[in-house]
Structures are given as C-alpha cells and as structure tokens.
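Protein chains: 2
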Amino acid sequence: MRKYDVIIIGAGPAGIITGTTAKKKNPDKSMLMIKEEENGLVPCGIPYIFHRLGDVDKNKMGPKPFVDAGGDVITDSVEKVNIEKKTVQTKSGKEFHYEKLVFATGSLPVIPTFIPGYDFENVFYIKKSYNYIKQLIVHLKDKKNIIIVGGGFIGAEVAEQLALEPNKEVSLVEMEEFCFIKAFSAELSEIATEKLRKTNVNVYTSTRVNSVNGKGRTVEKVELSNGKSLDADAVIMAIGYKPNTELAREAGLDLNRMSAIIVDNYERTSIKDVCAVGDCSQTVGFLTGTLDNIMLASTATAEARVLGHNLFGIKVKKCFTGTLAVFSTEINGLAMAAAGLNENNAKEANIEFISAKFTDVDRHPGTFEDTMPLTVKLYVSPSDGSILGGEVWGSKSSGEIINTISLAIQKGVTVYELISYQIGTHPLLTAAPTKTVLIKAAEMAIAEMNARK
Amino acid sequence: MRKYDVIIIGAGPAGIITGTTAKKKNPDKSMLMIKEEENGLVPCGIPYIFHRLGDVDKNKMGPKPFVDAGGDVITDSVEKVNIEKKTVQTKSGKEFHYEKLVFATGSLPVIPTFIPGYDFENVFYIKKSYNYIKQLIVHLKDKKNIIIVGGGFIGAEVAEQLALEPNKEVSLVEMEEFCFIKAFSAELSEIATEKLRKTNVNVYTSTRVNSVNGKGRTVEKVELSNGKSLDADAVIMAIGYKPNTELAREAGLDLNRMSAIIVDNYERTSIKDVCAVGDCSQTVGFLTGTLDNIMLASTATAEARVLGHNLFGIKVKKCFTGTLAVFSTEINGLAMAAAGLNENNAKEANIEFISAKFTDVDRHPGTFEDTMPLTVKLYVSPSDGSILGGEVWGSKSSGEIINTISLAIQKGVTVYELISYQIGTHPLLTAAPTKTVLIKAAEMAIAEMNARK
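Taken in sequence, the protein lines are chains A and B. Residues 123 to 575 in the working numbering are what the first sequence spells out, letter by letter. Residues 123 to 575 in the working numbering are what the second sequence spells out, letter by letter.
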C-alpha cells in the first residue's frame, strides 16, 4: 500500500490551491490528489460555456500547478475513508495510507424532490462536472423552450447566456420577489432582475414551480404557482448546492446542520490530521460568527491558502476569521458586486446600520465615449462608522472596487478614515478624484450619521 | 467691503472640494471662491483634449457643486492678501474681508530658462488654463513637427495623443534613461517607454535639449545632447510644475525650499485662520515624513476633503498622514499604476525592501476574447511583511487594483494578511480566484522572505 504524507480528495479550486500551496511549502512531503474526472472545470465559468465561450474545453481547469510542484494526481473515486487506519480506498480498488487527509469534495446541486416530475428526462442540473456539462450542451442543442428554476447567480447567468443562443425561448422561475436576493439588497436585486428581463429571458418572480409534467417521463410542461403552464423542452434546476459530504459522514466526521464538515479557523476537523476545505467545509459569518453556508470559489481559495500554508503547523496566522461573502456578476453588460452586510442579512442578524450611496461615472471627464455609470452603496455601523458591507454596480470596475471595500471591511476601516484615504485616478481608468464614488459614498454616510445625532 | 466667513483662492480640484465640503458642513457660513478664468479644466484630462476628446469644452470642470451648496463664485484675480487686516484685493479693484482664507492656487509649469531659446515663439506649456489650452490647440493645428520636452505623465500622454492626430510627427525628449522614472520602477518605466515608442512617438531617452533655435524668434530646430538636430514647428515643454505661491509669499506665509506653503496635517499654515491645500501646499512622504512635492489631483482632493470637514475645528481625524503618491496612466492601451515605494524611491530614502511579482490575466478563464495580461509587483518590508508599495500594469483593472493596494499600504496590511484576504471574483470581471494576481504576488513575497531567512 502506497503511503503519502498528504492525500487530498477533490481537485476543484480548494483542492488545487491547498495542494499547490502545501507542496510548494513542503517539497519533501509526498502528496496525492484524487480527482473524479479526467478534466475539471472553472466553476464560475460554467454559465459562459452555454454561449460566450461556446465550448466546454474553453473552461477547463486542472491540477497542473500541483503537478508542477511535484504532487501526484490520479483519476479515481474515493469510496471509503478509514480514520483509524488512516487509509482511503478507491473505486478502482486502490488503497492509500495518509499522514494528513484533506476533504475538498465540493458541493452538489440540490435536487428538488418536493417538485413532482423533478426526475423526468430532460430535467438537468448545473453540476461542476466536465462530463456532465459536455453532455448537457449536446442535450440542449435542439431544445427550444428551456425553463430555468432558481434565480441565483448560476440560474440567472445560465439563463442570460442561453437566451443569446439562436432559436431558444428561455424562462426563469424564481420564488422570491427578485433574483439574486440572497446576495444583493432589494434595490440591487430589482435592478439585476430588470436587467435580466431586458435580455430575452422571461422572468417569473414570486413564483414557484408546482410540477414538471410530460408525456411518459419526458418534460413537456412546467406548471407554475401563478396558474401559468409553460411549454418546456428542457428544465434546468438551479436552486442551490449542498456540501458533498456523504463520504465524510460515513468516515465519522462531525457535520453541521447544513451537512458541512465542521472545521476550526484553520480548516481542521474534530479528528486529528483530517482537514476539510472549500464548499464541503463549514463557514461562519464574518460579522456575526453565525453558522453560514457560503459556497464561493473565492472563499474556498482563501481557505485553501490558509490550509496550504499551515497544514504542518500554523505558520501564517489567519488574520480574517469568518467568511466575508463577496459576490460579483455581470448581467447583460451591467456589472454588480456585493460584500458583507446589506438590508436583508442585516435584518436577519439584527445588526443596526446606516446606508448611503453615490452614483457617478467610471471615467473622467464623463464626456469619454466609453464612460459608464457607477454606484457604490455602503452599509456602516452607526456606533463607530466602520464599514460593514458594500454594493457596487455599473461598469466593469465594480469587480475590483468591491475588493477594495472587502479589504476595508476586513480591516475595520471606517468611513471617517476614507476621508483621508489617498487614491490614484486617471481619466481613462477611474472616476474623477473629485467624485470618487467610494469616497463620496463614505461622505454621504457621515452626513447621514450626523443627521441622526 | 463685503465680508465672508471663508474665502478660497482658486477653483481647481483642491478649491472646489474644500469649498463644497466646507459649505455643506457649514451652510450658515458665507463662502466666496475666486477663480481666474471663466472656465476650468479637469487637470488630468488635458492630454486627451489633443486627440481623444478632441475639444477643450469636453474637458471642463467648474465649481457648480460649491454654488449648488450655496457658495459665491467670482471670476477675478487676487492681487494682494493682507494678513493683518484679513482682506484680499482683486485685479478688478474689489476688496473682501475673510474670517478664514484658503490658498488653493495650484501649480504652474516650470519654465526651463536654462535652455537657450526657451522663450521663442511656438514654445508652449501644458498650463492648467482653459484659455491657454484652447489657444494651444489652434496653434498646433497646422504644425507638423512637434517636440515634447519631458517624459513624465503629462509629456508622455500629450505625445501619445498628438501622435494619433493626422499629419503630425511627434518626438519626445527625456533626460533620464526611461520615461515615467520619477513615478515607476525601472522595470515598469522601461515597459512604458517601449509602449510609447510603439505609438508614433520618436522617443529620445538619456537625452537633453541643448537649445531651441530658429529664424528670428520662431522655433525651427531643437538641438539635442546626442548631436541630433530635430526639425520643430512647435515645442511643448513638460518638465514639471512648481507651486503657484507668489501671492502667498508676498502675504508673508512660510514657504518650504520647494516654494510650497508649509502646512500641518490639517492644511493649516503657520498663520492663524489661513490654510493652503493642493499643489500649492506642502506634502511629506507617507513612509518617511520627508519633504516631498507630490502634485496630483487625487492627493489634492484628499487634502481638500480633510480641510473641508475640519475648517471650523477638527471633526474628522486625519487617519493617514503623509502623502502616498498613487499614479496611474494608460499608454497605447496599456494601463499602468504605482503607489508608494519602488526601487528608485526606496534607494533614495534608504528603505530596505523585498519585491515580488506575479502575472496572470484579468478575466477567467483566459479563453475569453477580451482577456488581457495583468501584473502586480509588491514592495514589502522584510521586518514585518507590511506592504510599502506596489505597481500594477496590464489591463484597465490596474486603475482600481492599485487603490486596493493603496488602502493596504495606508492600513499597514501585511502580505501574511493577504493570505486570508477574502475577495470576490467573476469570469467577466476579475482574475481567477486561484490566481488572483495581488494575492499571488503576496505569496511570492512570503516565499522570498522565507528564502532569505
């Protein structure tokens, strides 16, 4: 039986970054990564396979950096982990001994067994699987009426992309009042939903799917809670993901009530020498420490960097504990991003806040032909002015500005500090120094705080 | 004689932001802004008047926000300030009494009196003056051979833009080995200089202008230190700016050896109730506190926000003292940005550092058609890993990423903290979470620091 110092189960972003970081830091340690399929996918790139990239092979991701660093990789499936013996057994009959084991098994689409017909033919999911998505593309090729269930990021992005394909009629069904409402404020969710409607997507909000019907077991209709019946040649269920932790559960690891593997700040499970990282592992909210279920590749890689550096002893202190969810997307040319608090999650967590926003343009002067609007909304603690959350929307700059706001939240920066925050500006790259949207939003927040005093 | 609570001399970014902020905070105080010309210009937009904007009127900026807040504005020129009587006298014969006076008089181009012929006809400057630039555009219209002296931001950007105009032969003469060397490292300066050469600009580096010659007093030739003689129909001198402080000097304010008005952290001069802000006021380096002469609209507006909030008593503590110069530009489609330390200024200030860089792409996967390379270079303190400086170049994202780095420098963020820094990523907006260029550069820096131990 081959022995490894480290075995990593899974080759998504969490597995690859953990392995690569750990191997680079510990070149003398032997490391094995076990992945289920020959090819891997960039998770957040999957929606763009359906149109803009046009080919699953343009969205591949693999453990090459890990291999380059000297790690071993096999394509196989782990069927059993023996915690006592410190071994893993694979589907092909191999057995390996580990010194340290890392679960990076990711997540699986939630199957809505409560919807009659959920298991009909031509009901699909957005699995993070190269083979599955490659097949799905083929399946959808001659399908006209496509119904997407769920208006989160994946559902909305897939809908937007499919609607750009010729001869497709795409509908999206979201039970909440707006799409994206789990990540964005009502204000931004409404903007995003309207933007999605202006593509060719028929968006049904505040609507549930009552049943999936058809002739035999093939989808033909989707019945909605609003009484409508939609013609359907294919249905894509995109109602969320759940941690892929059946293997961990069988091995005896502690799972939380969301089925995620319970870990500490350094991704260590309750069992010595066993870690879990990424979607399969527990997250707690950045501001509250409350149990959370954030599944983002960006979060997973932050955890993986921490784990990779610290697998053999804590060498790099984790400075930001808790998961600050930072979301970004682009729908129909409108970039949108959010970090931390907004009205919805603040209310849920009973966190007091004031909010303020400012809109200007992303270049200066605004007479440049490619100038686009840009809005920053800040959520601020009324006690000390610290930034608890932010939303940015408009031009592509939103994708990087949200990361400045993220750093501000993580470092406890206050709106008062942003008054003397020094930045760089340039006509072709940023807003004007006189109207830097982030700083102006901070000023609006200060004004709002003063008005309340 | 009309009395004002506040008089602001100057209506550039520093004057406008000081006035607008102060007036909004203190609506009951009477405020007057005195500006020299009817129209003002966005300072950093000036180079783009020469081609991309194509019209000086597309680059206007004025004190409308100040007026909207209830401030008075006149177009006139202050000829004398009487500190004892607290009055200002204008060219048109008006006299005003102030309670608080703000110098926001900006800067003027340096005139190279040491170059014979510097005062010939058709020798021009990039003055921050609407009337002057409007005239200059007319003057240059039928000029073919244009020589630009000085390869800093303004010189290089004007050269790049003029070279895009039809029937122009543009040459740029820079005495240092590379353009931009005062703001960028040798590595980035070289990249920028090569990019400028690939426009239609003939770039002469390590070269000085010996003299400007001509028939009578009209420019015909520029003689270079390398022995070359360039045909010249017009010369633009862009060798830097100096504080516009003659009025302040005559009024008796203390100036430093760079002729900037000496101020404290809150822009207060040594004379009670007299402040100075922006290019005309002193700056000290962020890391060293050494006397500096940074003149940037972004710096000026940060000072102006601080002054505007605190003109009648310090209400918002200045959290970042010292000036962190943050530069950005785009030459021929390549965005470039820098903040804080680099090899050049580190050597000058005798600051030890390690540097590390990482290059990837600005979108993910890299198969998107509009993907561009992106490089981050970090300069890090070997003692504690804190980030002292950074450079970013490649795609337009550079313009916002440098501001995340700026915040990191200002908050003393270490490369170790960046390991657990949580960010948002999206295929259409950012690099991949597995290869976020800023975080990867931090990892390279940690590896470099470990290697030295």
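Every residue, glycine too, gets a C-beta built ideally from N, C-alpha and C.
Could you name the residues of the region 530 to 554 of chain A whose beta carbon sits closer than 7 Å to any beta carbon of chain B, in the order they occur along the chain? Of all residues in the region 530 to 554 of chain A, those with a C-beta nearer than 7 Å to a C-beta of chain B are A530, Q532, K533, V535, Y538, E539, I541, S542, Y543, Q544, I545, G546, T547, H548, P549, L550, L551, T552 and A554, reading in chain order.
Residues bridged to B/S351 [DSSP beta-bridge criterion]: Position 229 of the second sequence holds residue 351 of chain B. Assignment of beta-bridge partners to B/S351 by DSSP yields B/E345.
Quick check: what's the CA-CA separation for A/Y170 versus A/E279? Along the first sequence, one-based indexing puts residue 170 of chain A at 48. Along the first sequence, one-based indexing puts residue 279 of chain A at 157. Each residue's alpha carbon lies about 8 Å from the other.
Give the DSSP-derived three-state secondary structure of B/Q257 in the structure shown. For the purposes of this step, residue 257 of chain B is identified with residue 135 of the second sequence, where counting begins at 1. The answer is helix: DSSP assigns B/Q257 an H, G or I state.
Does the separation of the CB atoms of B/I393 and B/T405 fall below 7 Å? Locating residue 393 of chain B in the second sequence gives position 271, counting from the first residue. Locating residue 405 of chain B in the second sequence gives position 283, counting from the first residue. Here B/I393 is not near B/T405, since their CB atoms are 7 Å or more apart.
Any chance the region 244 to 251 of chain A sits against the region 373 to 388 of chain A, with 3 or more Cβ pairs inside 8 Å? No, the region 244 to 251 of chain A is not in contact with the region 373 to 388 of chain A.
Is there a Cβ from chain B that is less than 7 Å from the Cβ of A/T590? Outside the shown range of chain A, which is 123 to 575, sits residue 590 of chain A, and nothing can be said about it.
Residues in the region 407 to 440 of chain A having any Cβ partner in chain B nearer than 7 Å: Hits within the stretch, in order: A419, S420, T421, T423, A424, R427, V428, H431, V438, K439 and K440.
Only counting the same chain, and skipping five residues up and downstream in sequence, which positions put a Cβ closer than 6 Å to that of B/K518? Working through the second sequence from its first residue, we reach residue 518 of chain B at position 396. Within the same chain, B/K518 has close Cβ partners A457.
Rounded separation between B/E309 and B/S542 - CA only: One-based indexing of the second sequence puts residue 309 of chain B at position 187. One-based indexing of the second sequence puts residue 542 of chain B at position 420. Each residue's Cα considered, the two are about 29 Å apart.
Is A/L154 near A/D194, with beta carbons less than 7 Å apart? Taking the first sequence and counting its residues from 1, the one referred to as residue 154 of chain A is at position 32. Taking the first sequence and counting its residues from 1, the one referred to as residue 194 of chain A is at position 72. Between A/L154 and A/D194, the C-beta spacing is below 7 Å.
Mind listing, in chain order, the continuous beta strand (DSSP E) runs of no fewer than 3 residues lying wholly within the region 269 to 304 of chain B? Scanning the region 269 to 304 of chain B from its first residue to its last, the whole beta strand (DSSP E) runs of 3-plus residues come out as 291 to 295.
Using the DSSP secondary-structure output, state which residues sit across from B/V224 in a beta bridge. In the second sequence, the residue the question calls residue 224 of chain B occupies position 102. In the DSSP output, where bridge partners are listed per residue, B/V224 has B/I130 and B/C397.
Using DSSP bridges, identify the partner residues of B/R390. Locating residue 390 of chain B in the second sequence gives position 268, where the first residue counts as 1. Answer is B/C397, bridged to B/R390.
Interfacial residues, the region 175 to 186 of chain B to chain A, with Cβ spacing under 8 Å: The region 175 to 186 of chain B vs chain A, Cβ under 8 Å: L175, K180, N181, K182 and M183.
Grouping DSSP H, G and I as helix and E and B as strand, with all else coil, what is B/E309? On the second sequence, residue 309 of chain B is found 187 positions in, with the first residue counted as 1. The answer is helix: DSSP assigns B/E309 an H, G or I state.
Quick check: is the beta carbon of B/Y170 nearer than 7 Å to any beta carbon in chain A? Position 48 of the second sequence, counted from the first residue, corresponds to residue 170 of chain B. With respect to chain A, the C-beta atom of B/Y170 has a partner C-beta closer than 7 Å.
Contact check, B/G444 vs B/G407, beta carbons under 7 Å: Along the second sequence, one-based indexing puts residue 444 of chain B at 322. Along the second sequence, one-based indexing puts residue 407 of chain B at 285. Yes.
Do B/I269 and B/S307 come within 7 Å of each other at the CB atom, strictly closer than that value? Within the second sequence, residue 307 of chain B is the residue found at index 185, counting from 1. Within the second sequence, residue 269 of chain B is the residue found at index 147, counting from 1. No, they are not a contact pair.
For A/F188, report the span of its alpha helix (DSSP H) as first-last. Translated into positions along the first sequence, residue 188 of chain A becomes position 66. Counting along the chain, the alpha helix (DSSP H) containing A/F188 begins and ends at K186 to D190.
Rounded to a whole number of angstroms, what is the C-alpha to C-alpha distance between A/G534 and A/I509? Taking the first sequence and counting its residues from 1, the one referred to as residue 534 of chain A is at position 412. Taking the first sequence and counting its residues from 1, the one referred to as residue 509 of chain A is at position 387. In a straight line, the C-alpha of A/G534 is about 7 Å away from that of A/I509.
In this structure, what does DSSP give as the bridge partners for B/F218? Position 96 of the second sequence, counted from the first residue, corresponds to residue 218 of chain B. DSSP, once it has assigned bridges, lists B/R124 and B/V210 as partnering B/F218.
Could you spell out where the beta strand (DSSP E) holding B/A459 opens and where it closes? Within the second sequence, residue 459 of chain B is the residue found at index 337, counting from 1. From DSSP, the beta strand (DSSP E) with B/A459 extends over L456 to G462.
Between the C-alpha atoms of A/D150 and A/G141, what's the straight-line distance to the nearest angstrom? Residue mapping note: residue 150 of chain A aligns to position 28 of the first sequence, counting from 1. Residue mapping note: residue 141 of chain A aligns to position 19 of the first sequence, counting from 1. About 13 Å.
Since I believe B/F275 is in contact with B/L258 (beta carbons under 8 Å), could you give me their beta-carbon distance rounded to a whole number of angstroms? By one-based count along the second sequence, residue 258 of chain B stands at place 136. By one-based count along the second sequence, residue 275 of chain B stands at place 153. Going by Cβ atoms, the distance from B/L258 to B/F275 rounds to 18 Å, so no, they are not a contact pair.
Please check if any C-beta of chain B sits within less than 7 Å of the C-beta of A/S214. On the first sequence, position 92 is the one that residue 214 of chain A refers to. No, its Cβ sits nowhere closer than 7 Å to a Cβ of chain B.
Does the count of Cβ pairs from the region 466 to 479 of chain B and the region 493 to 506 of chain B closer than 8 Å reach three? Yes, since at least three Cβ pairs between the region 466 to 479 of chain B and the region 493 to 506 of chain B fall closer than 8 Å, the two stretches touch.
Measuring only the C-alpha atoms, how far is A/C397 from A/L369? Walking along the first sequence from the start, residue 397 of chain A turns up at place 275. Walking along the first sequence from the start, residue 369 of chain A turns up at place 247. When rounded, the separation of the alpha-carbon atoms in A/C397 and A/L369 is 13 Å.
Taking the alpha carbon of A/I384 as the point to measure from, which residue in A/N289, A/I129, A/M566 and A/F225 has its own alpha carbon closest? Residue 384 of chain A sits at position 262 when you count from the first residue of the first sequence. For the residues A/N289, A/I129, A/M566 and A/F225, the minimum Cα distance to A/I384 belongs to A/F225.
Hey, is the region 216 to 225 of chain A in contact with the region 180 to 190 of chain A, meaning 3+ C-beta pairs nearer than 8 Å? Between the region 216 to 225 of chain A and the region 180 to 190 of chain A there are fewer than three inter-stretch CB-CB distances shorter than 8 Å, so the stretches are not counted as touching.
So which of B/K437, B/S420 and B/I129 has the shortest CA-CA distance to B/E217? Locating residue 217 of chain B in the second sequence gives position 95, counting from the first residue. Of the listed residues, the one whose Cα sits closest to B/E217 is B/I129.
Pairing CB atoms from the region 434 to 443 of chain B with CB atoms from the region 486 to 495 of chain B, are three or more of them under 8 Å? In this structure the region 434 to 443 of chain B does not touch the region 486 to 495 of chain B; the number of beta carbon pairs closer than 8 Å is below three.
At the 7 Å Cβ level, is B/A457 part of the contact set with chain A, yes or no? Numbered from its first residue, the second sequence carries residue 457 of chain B at position 335. It does: the Cβ of B/A457 has a partner Cβ on chain A nearer than 7 Å.
Of all the CB atoms in chain B, is at least one closer than 7 Å to the CB of A/C402? Along the first sequence, read from residue 1 onward, the residue named residue 402 of chain A stands at position 280. Judged by the 7 Å Cβ criterion, A/C402 is not in contact with chain B.
Alpha-carbon spacing of A/C301 relative to A/A567, whole angstroms: Along the first sequence, read from residue 1 onward, the residue named residue 301 of chain A stands at position 179. Along the first sequence, read from residue 1 onward, the residue named residue 567 of chain A stands at position 445. Looking at the two C-alpha atoms, the distance is approximately 27 Å.
Can you check DSSP and say which residues form a bridge with B/K499? Residue 499 of chain B sits at position 377 when you count from the first residue of the second sequence. Note: B/K499 is bridge-paired with B/K479 and B/E513 in the DSSP secondary-structure output.
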